[in-house]
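Novice: Quick one: the structure is below, and I'll ask about it shortly.
Chains as they are written, first to last, in our numbering: chain A, 21 to 359; chain B, -7 to 323.
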């Protein structure tokens, strides 16, 4: 499934219906068996002998949730997942199942006091304007608990550079589909399209419990700050410089043998790679590693600038590097590599 | 015992890179246990079988220590780093670190206008390389470093890096050596990745499914000049934990340990730690729950490269550990 389709689907944590339905449809068209668990994770399987390898990508994305409909028709909201309030003002959003268009409003610069101009407006003072004339009109369309997704068009900004919302982590979902295209004989591949990563690795935790894997890899769209004003040592990753391998984050320390194997394969095969030069953030690998009596894990990522905002950017060459490395890694497990 | 303390504290083992510590412990305990295995997260699990009719008991001490991880190598060969576990910037300044392959470095700082600006991202490691190429031959991004400080014998007291929690490992090893007869199956768990979130103990306990869990770890003291108030002192015996931020110890097991210490004349003190956590916090919440307690070794200057313990306290902890294993544990 291509990134344009995947990133256009809405799927804020806990409300992954649209993303899940499309993923299931695609799996069915590929003739791949899958299960959907009680949390909403989709677990696809290929191969029926050999070690259990769990590849995880989360289908949920950060977004907002309506908390209150004001009497005058404006909508109050809370973030779902980690969102910097500075990226919200004047963004276009889609509210609820009917995808009612709206904008996140704020007072125009002309009317702001001097100190207002220098301060970030906290989320609890922002609102969504759907153009309702009254509270009654808004209440007819929206209620508290409705999810809000960013309204962003997928676009190729220049050859090989993609702009979209939700690259974190539909890019991982796209990698899962790439891996599922291939037939696997000597491994049991469990491709987990997980829910609720952005609110605490919740989907992956239960999926991994059910699978009880011998090793796990989280596939991610990860931080990338190769931007003006950020010194090289704090950029974490660089766009176009290859697949990013995690050294450690807040959720897990990768199994050293798996990390070394990924590095070795990248070097042997001439696949461009970089280390994720940061230890902040976390991903599903943290939950998978702590499953039952423990599971060795690693994280393989595609650098994405501006993640957790309505517009993130990635390079298709990094995606291609991640795809190649993953397939080489799985082949090496078929060939006998063990953590 | 002092020799073992020296060898263990000087071994290299930041969280996730505990291999060298595991090697030392494996050799040390091999003659005294019936089975040894290493699990998926690198925990060293040693079983000493009981005579029968007893419980499954975990004695946990973590192998890992705090350290640093290389995040970037710049053009001039300086290394930027992040912390592995709780590393205080002010403590790292001027320290030496070393890597598993024997590479040494010193921690330097950018120019600071105010010492309050001192954060880890203002610091770097200088391994004496002239440029990135030379540095990259010795270390790569993702390599972990440990603080370098040789252990020093002060007489009744010993000071070393990584006393947290190699001294716990020493207590468990020493107890395994002295334990002659027990009805319980004793699982000595030398755990990984405690400093980054009790990760090793959590999965080890799941795999073992114990009836009782006791962790051995360092605790702070309140006996230094103008220290934060805490009713634990160096030299006053094994500290039996009531609570810390990760758990409230099982009251029955805790009181049982107190009675045992009194009956055997083992010096002890009660410990209430208002911060911090220990592996027992993870063990307690395993599966449907496990009665868990902690026997702490009082230590000064925790999470610095110079952690100090009292040999008498260590001895008391070993005795209490052996007494617990020999007892019916029918709390």
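Virtual Cβ for every residue (Gly too), placed ideally from N, Cα, C.
For residue 33(B), decide whether its Cβ has a neighbour in chain A, counting only Cβ atoms nearer than 7 Å.
Specialist: Here residue 33(B) is taken as the residue at index 41 of the second chain, counted from 1. Residue contact with chain A for residue 33(B): present (Cβ-Cβ distance below 7 Å to some residue of chain A).
Novice: Between the segment 52 to 66 of chain A and the segment 107 to 122 of chain A, do at least 3 Cβ pairs fall closer than 8 Å?
Specialist: no
Novice: Any residues in the segment 315 to 338 of chain A with a beta carbon nearer than 7 Å to a beta carbon of chain B? Which ones, in chain order?
Specialist: 315 and 316
Novice: Write down the C-beta distance between residue 167(A) and residue 116(A) rounded to the nearest angstrom, noting that I regard them as a contact closer than 8 Å.
Specialist: For this step, residue 167(A) is matched to residue 147 along the first chain. For this step, residue 116(A) is matched to residue 96 along the first chain. Right, their Cβ atoms sit about 7 Å apart.
Novice: Is it true that the CB of residue 193(B) sits closer than 7 Å to the CB of residue 180(B)?
Specialist: Here residue 180(B) refers to the residue found at position 188 when the second chain is read from its first residue. Here residue 193(B) refers to the residue found at position 201 when the second chain is read from its first residue. Not closer than 7 Å, so no.
Novice: What residues of chain A sit near residue 25(B), judged by a beta carbon separation below 9 Å?
Specialist: As a working note, residue 25(B) is residue 33 in the second chain. Within chain A, no residue comes near residue 25(B); the closest Cβ sits about 19 Å away, beyond 9 Å.
Novice: May I ask you to verify whether the segment 316 to 327 of chain A touches the segment 182 to 189 of chain A, counting CB pairs closer than 8 Å and requiring at least 3?
Specialist: yes
Novice: If you drop the 5 nearest sequence neighbours on each side, which residues of the same chain put their C-beta closer than 7 Å to that of residue 273(B)?
Specialist: Stepping through the second chain from its first residue, residue 273(B) is reached at position 281. Once the five neighbours on either side are set aside, the close Cβ partners of residue 273(B) are 190, 238 and 239.
Novice: Interface residues of chain A around residue 270(B) at Cβ under 7 Å?
Specialist: Position 278 of the second chain, counted from the start, is the residue given in the question as residue 270(B). Result: empty, since nearest Cβ-Cβ is about 17 Å, beyond 7 Å.
Novice: For residue 253(A), decide whether its Cβ has a neighbour in chain B, counting only Cβ atoms nearer than 7 Å.
Specialist: Counted from its first residue, the first chain places residue 253(A) at position 233. Interface residue, yes.
Novice: Could you check what DSSP says for residue 122(A) in three-state terms: helix, strand or coil?
Specialist: What you label residue 122(A) is simply residue 102 of the first chain in a count that begins at 1. Correct three-state label for residue 122(A): strand.
Novice: Quick one: measure Cβ to Cβ for residue 80(A) and residue 33(A), integer angstroms, because I've assumed they're closer than 8 Å.
Specialist: The residue labelled residue 80(A) in the question sits at position 60 within the first chain. The residue labelled residue 33(A) in the question sits at position 13 within the first chain. Confirmed, about 4 Å.
Novice: So, do the segment 330 to 344 of chain A and the segment 303 to 315 of chain A have three or more beta carbon pairs nearer to each other than 8 Å?
Specialist: no
Novice: From 1(B), 92(B), 317(B) and 5(B), pick the residue whose C-alpha is nearest to that of residue 185(B); which is it?
Specialist: Locating residue 185(B) in the second chain gives position 193, counting from the first residue. Its Cα nearest to that of residue 185(B), the residue 5(B) stands out among 1(B), 92(B), 317(B) and 5(B).
Novice: Can you list the beta strand (DSSP E) stretches of 3 or more residues lying completely in the segment 288 to 336 of chain A, in chain order?
Specialist: 293 to 296, 317 to 325 and 332 to 335
Novice: Quick check on residue 173(A): buried or exposed, where buried means 16 or more other Cβ atoms within 10 Å of its Cβ?
Specialist: As a first step, residue 173(A) must be located in the first chain, where it is residue number 153. Exposed: under 16 other Cβ atoms inside 10 Å.
Novice: Residue 357(B) lies in the beta strand (DSSP E); which residues open and close that run?
Specialist: Lying outside -7 to 323, the shown extent of chain B, residue 357(B) is not represented and no answer is given.
Novice: Would you mind working out which of 279(B), 144(B), 216(B) and 208(B) sits nearest residue 306(B), comparing C-alpha positions?
Specialist: One-based indexing of the second chain puts residue 306(B) at position 314. Checked all of 279(B), 144(B), 216(B) and 208(B); the closest Cα to residue 306(B) is 208(B).
Novice: Please report the distance separating the alpha-carbon of residue 145(A) from that of residue 76(B).
Specialist: As a position in the first chain, residue 145(A) is number 125, starting the count at 1. As a position in the second chain, residue 76(B) is number 84, starting the count at 1. So the two alpha carbons sit approximately 38 Å from each other.
Novice: Is any beta-carbon of chain B found at less than 7 Å from that of residue 297(A)?
Specialist: Residue mapping note: residue 297(A) aligns to position 277 of the first chain, counting from 1. Chain B contact via Cβ: present.
Novice: Determine whether the Cβ of residue 60(B) lies closer than 7 Å to any Cβ atom of chain A.
Specialist: Position 68 of the second chain, counted from the start, is the residue given in the question as residue 60(B). Residue 60(B) does not count as touching chain A.
Novice: In the DSSP assignment, find the beta strand (DSSP E) that holds residue 170(B) and state where it starts and stops.
Specialist: Locating residue 170(B) in the second chain gives position 178, counting from the first residue. No beta strand (DSSP E) contains residue 170(B), which is instead part of the alpha helix (DSSP H) from 155 to 170.
Novice: Could you tell me the distance, in whole angstroms, from the CA atom of residue 171(B) to the CA atom of residue 202(B)?
Specialist: Within the second chain, residue 171(B) is the residue found at index 179, counting from 1. Within the second chain, residue 202(B) is the residue found at index 210, counting from 1. Taking the straight line from one Cα to the other gives about 19 Å.
Novice: In chain order, which alpha helix (DSSP H) runs of at least 4 residues are fully inside the segment 163 to 248 of chain A?
Specialist: 187 to 201 and 222 to 231
Novice: Note down the Cα distance separating residue 332(A) from residue 239(A), rounded to an integer number of angstroms.
Specialist: To locate residue 332(A), count along the first chain from 1; it is residue 312. To locate residue 239(A), count along the first chain from 1; it is residue 219. Approximately 17 Å between the Cα atoms of the pair.
Novice: For residue 29(A), count neighbouring Cβ atoms within 10 angstroms of its own Cβ and tell me buried if that reaches 16, exposed if not.
Specialist: What you label residue 29(A) is simply residue 9 of the first chain in a count that begins at 1. Classification of residue 29(A): buried, given that the 10 Å Cβ count is 16 or more.
Novice: Shortest alpha-carbon distance to residue 199(B) belongs to which of 29(B), 88(B), 230(B) and 302(B)?
Specialist: Here the question's residue 199(B) lines up with position 207 in the second chain. For the residues 29(B), 88(B), 230(B) and 302(B), the minimum Cα distance to residue 199(B) belongs to 29(B).
Novice: Going by DSSP, name the residue or residues bridged to residue 289(B).
Specialist: As a working note, residue 289(B) is residue 297 in the second chain. DSSP, once it has assigned bridges, lists 210(B) as partnering residue 289(B).
Novice: Residues of chain A with CB closer than 7 Å to the CB of residue 194(B), please, in chain order.
Specialist: Numbered from its first residue, the second chain carries residue 194(B) at position 202. Within 7 Å Cβ-Cβ: 310.
Novice: Give me, in chain order, the residues of the same chain whose beta-carbon lies closer than 6 Å to that of residue 314(B); leave out the 5 immediate sequence neighbours on both sides.
Specialist: Position 322 of the second chain, counted from the first residue, corresponds to residue 314(B). For residue 314(B), where only same-chain residues beyond five positions count, the Cβ hits under 6 Å are 167, 170 and 171.
Novice: Does residue 249(B) come out as helix, strand or coil in the three-state DSSP assignment?
Specialist: As a position in the second chain, residue 249(B) is number 257, starting the count at 1. In this structure, residue 249(B) counts as helix in the three-state DSSP scheme.
Novice: Can you give me the Cβ contacts of residue 312(A) inside the same chain, cut-off strictly under 7 Å, excluding the 5 residues immediately before and after it?
Specialist: One-based indexing of the first chain puts residue 312(A) at position 292. Result list for residue 312(A): 229 and 232, in chain order.
Novice: May I have the straight-line CA-CA distance separating residue 291(A) from residue 352(A), to the nearest angstrom?
Specialist: Taking the first residue of the first chain as 1, we reach residue 291(A) at position 271. Taking the first residue of the first chain as 1, we reach residue 352(A) at position 332. So the two alpha carbons sit approximately 15 Å from each other.
Novice: For residue 72(B), which of 45(B), 282(B), 119(B) and 141(B) has the nearest alpha-carbon?
Specialist: As a first step, residue 72(B) is located in the second chain; it is residue number 80 there, counting from the start. When each option's Cα is compared against that of residue 72(B), the closest is 119(B).
Novice: Would DSSP call residue 28(A) helix, strand or coil?
Specialist: In the first chain, counting from the first residue as 1, residue 28(A) sits at position 8. Correct three-state label for residue 28(A): helix.
Novice: Using DSSP with H/G/I as helix, E/B as strand and the rest coil, what is residue 76(A)?
Specialist: As a first step, residue 76(A) must be located in the first chain, where it is residue number 56. Strand, per DSSP.
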